[in-house]
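**Student:** Under the working numbering, residues 15 to 278 are what the sequence shown spells out, in order.
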Amino acid sequence: MTTLALVAGCSTPKAPPTPPPPVVRTVKPLPPMGAVEEMSIPDVDESGTYLTPNRGVTANTALWHVRMALNVAALSCYGSNEIAKVQYNRILHVHQAALREANAAVDRNYTAAYGSGGLQSRELLNTVVYNFFSLPPVQPTFCKAAIEVGAKLLAMPSSELLAYAPEALTALEAPFQEFYEAYADYLRRLAEWQSRFGGTVSVVVSPTPLPPPPTPPKEITAGFVPPPGSVPMPRAREESGQMLVPNPPPAIMVPAFPLTKPAS
15 MTTLALVAGC STPKAPPTPP PPVVRTVKPL PPMGAVEEMS IPDVDESGTY LTPNRGVTAN
75 TALWHVRMAL NVAALSCYGS NEIAKVQYNR ILHVHQAALR EANAAVDRNY TAAYGSGGLQ
135 SRELLNTVVY NFFSLPPVQP TFCKAAIEVG AKLLAMPSSE LLAYAPEALT ALEAPFQEFY
195 EAYADYLRRL AEWQSRFGGT VSVVVSPTPL PPPPTPPKEI TAGFVPPPGS VPMPRAREES
255 GQMLVPNPPP AIMVPAFPLT KPAS
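1. Please list the segments of the alpha helix (DSSP H) lying wholly inside the stretch 116-197, counting only runs of 4 or more residues, in order along the chain.
2. Are the beta-carbon atoms belonging to Thr-319 and Val-120 less than 7 Å from one another?
3. Going along the chain, which residues of its own chain have a beta-carbon closer than 8 Å to the beta-carbon of Lys-166, five neighbours each way excluded?
4. Less than 7 Å separating the beta-carbons of Ala-160 and Ala-73?
5. What are the start and end residues of the alpha helix (DSSP H) that includes Tyr-92?
6. Which of the three DSSP states is assigned to Val-71 in this structure?
7. Run the CB neighbour count on Pro-151, radius 10 Å, all protein chains shown included, and call it buried at 16 or more, exposed below.
8. What does the Cβ neighbour count give for Thr-40, buried or exposed, with the cut at 16 atoms within 10 Å?
9. What's the gap between the Cα of Leu-176 and the Cα of Asn-123?
10. Kindly confirm or deny that the stretch 132-148 and the stretch 226-236 touch, where touching means at least three C-beta pairs closer than 8 Å.
11. In this structure, what does DSSP give as the bridge partners for Tyr-64?
12. Can you tell me the Cβ-Cβ gap for Trp-207 and Pro-43, rounded? I've got them flagged as a contact below 8 Å.
13. Which of the three DSSP states is assigned to Ile-234 in this structure?
14. So His-109 is in the alpha helix (DSSP H); what residue range does that whole segment cover?
15. Kindly indicate which three-state DSSP category Lys-28 falls into: helix, strand or coil?
16. Is Ala-87 helix, strand or coil by DSSP?
17. Between the Cα of Val-50 and the Cα atoms of Arg-81, Ala-198, Asp-57, which residue gives the shortest distance?
18. So what does DSSP say about Ala-49, is it helix, strand or coil?
19. Spatial neighbours of Arg-104 within its chain, please: CB distance less than 7 Å, with the 5 preceding and 5 following residues excluded, ordered by chain position.
20. Suppose you measure from the CA of Met-47 to the CA of Thr-32; what does that come to, to the nearest Å?
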């Protein structure tokens, strides 16, 4: 009995079982700014800048695109950003003559480039520009940029508008360039997540390939004489932002940027 007690006292206790490795939770990357999945984004040019309908514009076209961007802001910026609408209406009143001259210059450019098809070509680009600046995920940052640009426009004389227009257009487009870059990064991270963890996702960089947006025509001097038989293009009503078209043109299939729904 004594010997058994000594043997039992010298036995080594068994080690507890090794716990299973911790479960590492993998989180699927989400699109930035509440954007939808599988959204199309434009290609980049040689400098790495995303192709937009604002590329290669002349000074007068830049000013008109700025006006269209601020029109979008006036219609889509609410709450604390509602000042964008007040600014836009004030800009149309204070800089009415400069905007009218810019519109006439853009008309002249399209008439010289496309003749009687100038109106349709300009309407096509206008639609693309409005859709571009209306991209829902970018509206919060775009509204802030629009208010900053609007304040600068109201603080300068009309004689300086044309020179400032390219800089203003770059500032208004910056939030969209940043969004495209963020979305491209999301697609890269999504592809990495899929390859590492076998997620059942499909990475589609461009479900509906976006063709390059139309390029506006070059600047034509004020001495340009329209060819015989050409129809003058209607002026834009500065107070509403809409084109005055005597007879609505036929429906045009516009290669516009996708309009996504904000996150619910």
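Ideal placement from N, C-alpha and C gives every residue a C-beta, glycine not left out.
**Tutor:** Let me spell this out:
1. Fully enclosed alpha helix (DSSP H) runs of 4 or longer: 132-147, 153-169.
2. One cannot answer for residue 319 here, as it falls past the ends of the chain, which runs 15 to 278.
3. Once the five neighbours on either side are set aside, the close Cβ partners of Lys-166 are Tyr-178, Ala-182.
4. With contacts defined as CB atoms closer than 7 Å, Ala-160 and Ala-73 fail to qualify as a contacting pair.
5. Careful: Tyr-92 lies outside any alpha helix (DSSP H) and carries neither H nor E.
6. Three-state result, Val-71: coil.
7. Classification for Pro-151: buried.
8. Thr-40 is classed as exposed because its beta carbon has fewer than 16 other beta carbons within 10 Å across all chains shown.
9. Each residue's alpha carbon lies about 16 Å from the other.
10. They touch, by the three-pair rule.
11. For Tyr-64, which the question treats as bridged, DSSP gives the partners Val-58.
12. The pair is a contact, with the Cβ atoms about 6 Å apart (cut-off 8 Å).
13. Looking at Ile-234 - three-state DSSP - the assignment turns out to be coil, as it is neither helix nor strand.
14. No alpha helix (DSSP H) holds His-109; DSSP gives it neither H nor E.
15. The DSSP-derived three-state label of Lys-28 is coil.
16. Here DSSP, grouped into helix, strand and coil, assigns Ala-87 to helix.
17. When each option's Cα is compared against that of Val-50, the closest is Ala-198.
18. In the displayed model, Ala-49 falls within coil according to three-state DSSP, outside both helix and strand.
19. The residues are Leu-168.
20. Their backbone Cα atoms lie some 44 Å apart in a straight line.
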